[in-house]
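Peer 1: Chains as they are written, first to last, in numbering that gives the first Met the number 0: chain A, 0 to 80; chain B, 0 to 277. Glycine included, each C-beta is placed from N, C-alpha and C at the ideal position. Okay, handing you the structure first.
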Amino acid sequence: MSGYIEAGYIVTLGALGVYAASLVGRERSARRRLPAPRPRATSTPVTGAAAVEAPADGGRSAAPADEGRAATPPGPPGQGG
Amino acid sequence: MSLTSPPVSPVGTTGPPRAVEAPTAPGAVAHARRRLRTRADAALFATGLVGVAGVVATVWLGLWVTPPDQFMGNLVRLLYIHPPLAWVMFLAYGVSFLASLLYLWPRTRSARFDRLAGAAAEVGVVFTGLTLVTGSLWGRPTWGQWWTWDPLLTTTALLFVLYLGYLALRRVPGEPEARAKRSAIAALIAFIDVPIVYFSVLWWKSLHQAPSIDLTTRKTYVHGSMAWTLLLGFVSFTVVFAWLVAHRYRLAVLEDREEREGLALALAERRAEAAEAP
């Protein structure tokens, strides 16, 4: 064949393959970065600072990472006084 | 909300009452969601397999099984992928248009439609680029040049630029609702070019040949194994389009969540800083 035909097929299949692979890769890396979705309520009792931090708006505005942060006091002892 | 929250009740939660009333329900809901997601994953995987199989079959039929054309010779083989790519381009922008319309309609306004519009437009831009490249590869040996300012080519290039602008607009920072609204309006404006592209070969004198399958008169100018291969190309690339849009949509959901939670985290940090201040 003429070379133009092969080029057309290679460019098309290659570009679609690269785009598809990039989508799947980005999706996987985004899933790894994000923690699992937080259930709306837990069947086990909530204890400790996570419970203290439970937001007044029912949790709509808070991220799971907030809970972890709430476990630590606002600052080290002796500071912020 | 402050970090020095009021004391917690013995139950251990300050959340909404339903959390205390139905302790086992969320577990069941989470289980049902997981099952649904597993099924959706399986369906998406199957769609991908069907799309890949269809494209492989199209390539095999197009390159090795179908005969050369009486006038175009072997160059006709490029036409088993070029019109399907162009069809998906139209389909993608059609989906983006409809989703944008549904987003702007107050009764159906939902972030889902905004995400769908963005996902379809992005996939559409990829297919538009490929349509232009394969058309150029066909034009060089047929017309003797890579590019000509033919009405169809020019309006297609304009479409490509318009939707690139649309994708750039989607990335402009702002309130999610305002961003979605202006993106939806931009998608409606960009879509004006789509019928112009399709009818340009009929409205103006064009180097480009008329469509092999005329949707307005329902006439086909391709027959036999060539027609079946072309049809398979249309179906396969449509399935591939669906798979790509589904993945792009899922990625958009994750990106939105990341943005939301990143913002919540930043707010919590600022609050902590404020609480530390004397």
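At the level of alpha carbons, what is the spacing between THR154(B) and LEU90(B)?
Peer 2: Here residue 154(B) refers to the residue found at position 155 of the second sequence. Here residue 90(B) refers to the residue found at position 91 of the second sequence. Near 17 Å, if we compare the C-alpha coordinates of LEU90(B) and THR154(B).
Peer 1: Counting only Cβ pairs nearer than 8 Å, list the residues of chain A close to THR133(B).
Peer 2: Against the second sequence, residue 133(B) aligns to sequence position 134. Neighbours of THR133(B) on chain A, chain order: GLY7, VAL10, THR11.
Peer 1: In the region 211-244 of chain B, which residues sit with their C-beta less than 7 Å from some C-beta in chain A, listed in chain order?
Peer 2: Here the close residues are VAL239, LEU243.
Peer 1: Going by DSSP, which residues form a beta bridge with ASP68(B)?
Peer 2: Counting from 1 along the second sequence, the entry for residue 68(B) is found at position 69. Looking at the DSSP assignment, ASP68(B) forms a beta bridge with GLY72(B).
Peer 1: Using 8 Å as the limit for Cβ to Cβ distance, is ARG256(B) near chain A?
Peer 2: Sequence index remark: in the second sequence, residue 256(B) carries index 257 (1-based). Yes, because at least one Cβ of chain A sits closer than 8 Å to the Cβ of ARG256(B).
Peer 1: Quick check on LEU250(B) - is its C-beta less than 8 Å from some C-beta in chain A?
Peer 2: Position 251 of the second sequence holds residue 250(B). It does; some Cβ of chain A falls within 8 Å.
Peer 1: Take the Cβ of TRP137(B) as the centre, count every other Cβ of all protein chains shown within 10 Å, and call the residue buried at 16 or more, exposed below.
Peer 2: Walking along the second sequence from the start, residue 137(B) turns up at place 138. The residue in question, TRP137(B), is buried, as its Cβ has 16 or more Cβ neighbours within 10 Å.
Peer 1: How about the region 233-252 of chain B and the region 116-125 of chain B: do they share at least three Cβ pairs that are nearer than 8 Å?
Peer 2: They touch, by the three-pair rule.
Peer 1: Using a beta-carbon distance cut-off of less than 9 Å, what residues from the region 17-31 of chain A approach chain B?
Peer 2: Within the region 17-31 of chain A, the qualifying residues are TYR18, ALA19, LEU22, VAL23, ARG25, GLU26, ALA29, ARG30.
Peer 1: Nearest to ALA85(B) by alpha carbon, out of LEU97(B), ALA27(B), ALA45(B), LEU131(B)?
Peer 2: Walking along the second sequence from the start, residue 85(B) turns up at place 86. Checked all of LEU97(B), ALA27(B), ALA45(B), LEU131(B); the closest Cα to ALA85(B) is LEU131(B).
Peer 1: Nearest chain A C-beta to PRO105(B) closer than 8 Å, yes or no?
Peer 2: On the second sequence, position 106 is the one that residue 105(B) refers to. Cβ-Cβ to chain A under 8 Å: no for PRO105(B).
Peer 1: Start and end of the alpha helix (DSSP H) containing THR147(B)?
Peer 2: For this step, residue 147(B) is matched to residue 148 along the second sequence. Where THR147(B) is concerned, there is no enclosing alpha helix (DSSP H), given that its DSSP letter is neither H nor E.
Peer 1: Closer than 8 Å by beta-carbon distance: list the chain A residues that pair up with PRO140(B), in chain order.
Peer 2: Residue numbering aside, residue 140(B) sits at position 141 when the second sequence is read from its first letter. Those are SER1, TYR3, listed as they occur along chain A.
Peer 1: Can you give, in chain order, each stretch of the beta strand (DSSP E) that sits fully within the region 66-128 of chain B and has at least 3 residues?
Peer 2: Qualifying beta strand (DSSP E) stretches: none in this window.
Peer 1: Classify GLU260(B): buried if its beta carbon has 16 or more other beta carbons within 10 angstroms, exposed otherwise.
Peer 2: Looking up residue 260(B) in the second sequence gives position 261. Buried is the call here.
Peer 1: I'd like to know if HIS30(B) contacts chain A, where contact means its C-beta is closer than 8 Å to some C-beta of that chain.
Peer 2: Looking up residue 30(B) in the second sequence gives position 31. It does not: the Cβ of HIS30(B) has no partner Cβ on chain A nearer than 8 Å.
Peer 1: Does DSSP put LYS218(B) in a helix, in a strand, or in coil?
Peer 2: Taking the first residue of the second sequence as position 1, residue 218(B) is located at position 219. In the structure shown, LYS218(B) sits in a strand (DSSP, three-state: E or B).
Peer 1: Check whether the region 185-193 of chain B and the region 134-152 of chain B touch, using three or more Cβ-Cβ pairs below 8 Å as the test.
Peer 2: At 8 Å Cβ cutoff, the stretches do not touch.
Peer 1: Under 8 Å, do SER182(B) and LEU168(B) count as touching if we go by C-beta distance?
Peer 2: Counting from one through the second sequence, the residue named residue 182(B) turns up at place 183. Counting from one through the second sequence, the residue named residue 168(B) turns up at place 169. Closer than 8 Å, so yes.
Peer 1: Any idea what DSSP makes of HIS246(B), helix, strand or coil?
Peer 2: In the second sequence, the residue the question calls residue 246(B) occupies position 247. If DSSP states are grouped into helix, strand and coil, HIS246(B) belongs with the helices.
Peer 1: Straight-line CA distance for PHE236(B) to GLY47(B)?
Peer 2: To locate residue 236(B), count along the second sequence from 1; it is residue 237. To locate residue 47(B), count along the second sequence from 1; it is residue 48. When rounded, the distance between both Cα atoms is 11 Å.
Peer 1: Along the region 113-130 of chain B, what residues have a CB closer than 7 Å to any CB found in chain A?
Peer 2: Within the region 113-130 of chain B, the qualifying residues are VAL125, LEU129.
Peer 1: So the candidates are VAL124(B), ALA241(B), ASN73(B), VAL64(B); which of them puts its Cα closest to the Cα of GLY164(B)?
Peer 2: Sequence index remark: in the second sequence, residue 164(B) carries index 165 (1-based). Answer by Cα proximity: VAL124(B).
Peer 1: To the nearest angstrom, how far is it from the Cα of ALA263(B) to the Cα of TYR8(A)?
Peer 2: By 1-based counting over the second sequence, the position of residue 263(B) is 264. By 1-based counting over the first sequence, the position of residue 8(A) is 9. So the two alpha carbons sit approximately 46 Å from each other.
Peer 1: For SER129(B), I'd like the list of residues in its chain whose CB is within less than 7 Å of its CB, leaving aside the five on either flank, ordered along the chain.
Peer 2: As a first step, residue 129(B) must be located in the second sequence, where it is residue number 130. Before going further, note that residue 129(B) is Leu rather than Ser in the sequence given. Cβ within range, chain order: LEU84.
Peer 1: Should SER199(B) go down as buried or exposed, given a rule of 16 or more other Cβ atoms within 10 Å for buried?
Peer 2: Counting from 1 along the second sequence, the entry for residue 199(B) is found at position 200. So SER199(B) counts as buried.
Peer 1: Quick check on HIS246(B) - is its C-beta less than 8 Å from some C-beta in chain A?
Peer 2: The count along the second sequence starts at 1 and reaches residue 246(B) at position 247. For HIS246(B), the answer is yes, since a Cβ of chain A falls inside 8 Å of its Cβ.
Peer 1: Taking the alpha-carbon positions, what's the LEU230(B) to ALA56(B) distance?
Peer 2: Locating residue 230(B) in the second sequence gives position 231, counting from the first residue. Locating residue 56(B) in the second sequence gives position 57, counting from the first residue. Cα-Cα distance, rounded: 11 Å.
Peer 1: Is it buried or exposed for PRO82(B), if we count other Cβ within 10 angstroms and need 16 for buried?
Peer 2: On the second sequence, residue 82(B) is found 83 positions in, with the first residue counted as 1. Result: buried.
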